[in-house]
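**Q** Residue numbers (our numbering), protein chains in the order written: chain A, 1 to 407; chain B, 408 to 546. Glycine included, C-beta positions come from ideal geometry on N, C-alpha and C. Bear in mind that the values here come from a model prediction, so they are computed numbers and not experimental data.
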């Protein structure tokens, strides 16, 4: 499959910004949506719109079927054992907050410990801090080295018999390094500690086989894997989810409600309180189809060339500091956070925007990681399978032009 | 001495020479590079303008009833913007600044050409300059 034929599925890529062709390199923040996803949302909104699970009428049954089909599609994508293990949420942040609250209520007591990696996104730090505050638990940090690699070898010392859970990203949103999730899970499990994997960045880069990795929880957002925004998933092992109390109370998640007490619906509805995002969650079906289609070998080989070109250009330039490096590029995705000596990241982002290039600048929701590298922010270029070699070359040339302007 | 209106019109004229925003940025970058002499010792938290994504320090002294501003930033375009502002408002009386509507910023299209976070930063810079003028106006 050629990149040109992939781009035809994403009409927004034809956009002109300030009269120049859009070069969209902010895919890690939100990836663009293919026409099939837009069509799905349109079709449900225009001809399948009704609240799900509650009514016997025709439209409601269409909407309910689509929503539940999406659950089956996600189950297959993650290779989960059962559909009850797939909880729909509004995104990764909501999924992690759900676990932080409900797992905390069920399993965490005063003096217990939670571990997060130093390179985590704020969404995988703050929910655990809040939970530790509520439960009187202690938050510990799994450090990274100066290449950005997780120091997994410190885990056996870091984990104690009081450690209840470790939360780690599959891929850091700043470093782009693929973390050894399977190894981490194996170490943690051998010491009685559960593992939540933040798949926000990882889901679109290879996905996750939850049975093979054996992680206990896996969280991701739909909008980072071609689906509509406001969609998201929490995978959890059934035996854990069964023991966890509901996160939110409301409609749909109940079995019977009496003022003397309420009983709850079985999984997965127990964790899906209130009206769900029923027009959007079904867009996960064409979105995951697209993700699997883009696993195409020819396209992957092309994307790898693009990645190598950018990596080489950024690491060979003595004025540029790239964060998250690896001798083995198969362990890094095409996500590049960097700074330029003597030039502020925001100035670069602003000028390159006028050149048509969409980049991310700032702290990228990872202040502890910024502190580790002693910077106030970085510039990030994140590539998707629809990005071309020409765009990569234009990005590097524009970067140099912008640096010259600012120096 | 030129009036405030005359100085603002000069800035508007300068900006109208450029067709492309990239050129306007180049102009702001030059302004930023030329803004020198802000002492390291004055880079204190109380002089930081709140609400800017990059760090911007603003200092002010009074001479003969007029305000003279000095500023610095770690981002050069932001520094160019604050340089533009203090170039217009330095040497003015507190009441002139406090009563000004700062609309020339909209006339040169500055605000809408910044990213939302930078536009907020611009609003914060203007608010801080005005607040400083109001503070000295009361004294």
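(1) Is it right to say residue 378 (chain A) is buried, meaning 16 or more other beta carbons lie within 10 angstroms of its own, or is it exposed?
(2) Alpha carbons only, please: which of A:280, A:170 and A:372 is nearest the one belonging to residue 69 (chain A)?
(3) Along the alpha helix (DSSP H) that carries residue 424 (chain B), what are the first and last residues, could you check?
(4) Closer than 9 Å, Cβ to Cβ, to anything on chain B: give me those residues from the segment 331–351 of chain A, in chain order.
(5) When DSSP labels each residue in this structure, what does residue 21 (chain A) get in the three-state scheme?
(6) Determine whether the Cβ of residue 465 (chain B) lies closer than 7 Å to any Cβ atom of chain A.
(7) Hey, does residue 481 (chain B) have any beta-carbon neighbour from chain A nearer than 7 Å?
(8) Can at least three beta-carbon pairs, one atom from the segment 477–490 of chain B and one from the segment 451–461 of chain B, be found at a separation below 8 Å?
(9) Leaving out five residues before and five after residue 466 (chain B) in sequence, what residues of the same chain have Cβ atoms less than 6 Å from its Cβ?
(10) Check residue 16 (chain A) in the structure and name its three-state DSSP category.
(11) Determine, using beta carbons only, whether residue 445 (chain B) comes closer than 7 Å to chain A.
(12) Ignore the nearest five residues each way along the sequence and tell me which others in residue 172 (chain A)'s own chain have a CB closer than 6 Å to its CB.
(13) One question on the structure: do residue 165 (chain A) and residue 225 (chain A) come within less than 7 Å of each other, judged by their Cβ atoms?
(14) If I measure Cβ to Cβ from residue 509 (chain B) and keep anything under 7 Å in the same chain, skipping five residues before and after, which residues do I get?
(15) Hey, out of A:209, A:376, A:196 and A:58, whose CA is closest to residue 343 (chain A)'s CA?
(16) When you compare the CB positions of residue 326 (chain A) and residue 355 (chain A), do they come within less than 7 Å of one another, or not?
(17) Taking the continuous beta strand (DSSP E) assigned at residue 382 (chain A), which residues delimit it?
(18) Beta-carbon of residue 429 (chain B) versus every beta-carbon of chain E: anything under 7 Å?
(19) Relative to chain B, which residues along the segment 13–36 of chain A have a C-beta separation below 8 Å, given in chain order?
(20) Could you list which residues in chain A have their beta carbon closer than 9 Å to that of residue 525 (chain B), in chain order?
(21) For the beta strand (DSSP E) containing residue 263 (chain A), name the first residue and the last one.
(22) Examine chain B for any beta-carbon lying closer than 7 Å to the beta-carbon of residue 401 (chain A), and answer yes or no.
(23) Tell me whether the beta-carbon of residue 101 (chain A) lies closer than 7 Å to the beta-carbon of residue 218 (chain A).
(24) Compile a chain-ordered list of the residues in the segment 379–391 of chain A whose CB is closer than 8 Å to at least one CB of chain B.
(25) For residue 495 (chain B), count the other beta carbons within 10 Å of its own beta carbon; 16 or more makes it buried, fewer makes it exposed. Which is it?
**A** Taking the geometry as given:
(1) buried
(2) A:280
(3) Note, residue 424 (chain B): premise wrong, no alpha helix (DSSP H); not H, not E.
(4) 343, 344, 345, 346, 347, 349, 350 and 351
(5) strand
(6) no
(7) yes
(8) yes
(9) 449, 454 and 477
(10) strand
(11) no
(12) 119
(13) no
(14) 533
(15) A:376
(16) no
(17) 378–382
(18) This model lacks chain E altogether, as its protein chains are A and B.
(19) 18
(20) 346 and 350
(21) 261–264
(22) no
(23) no
(24) none
(25) buried
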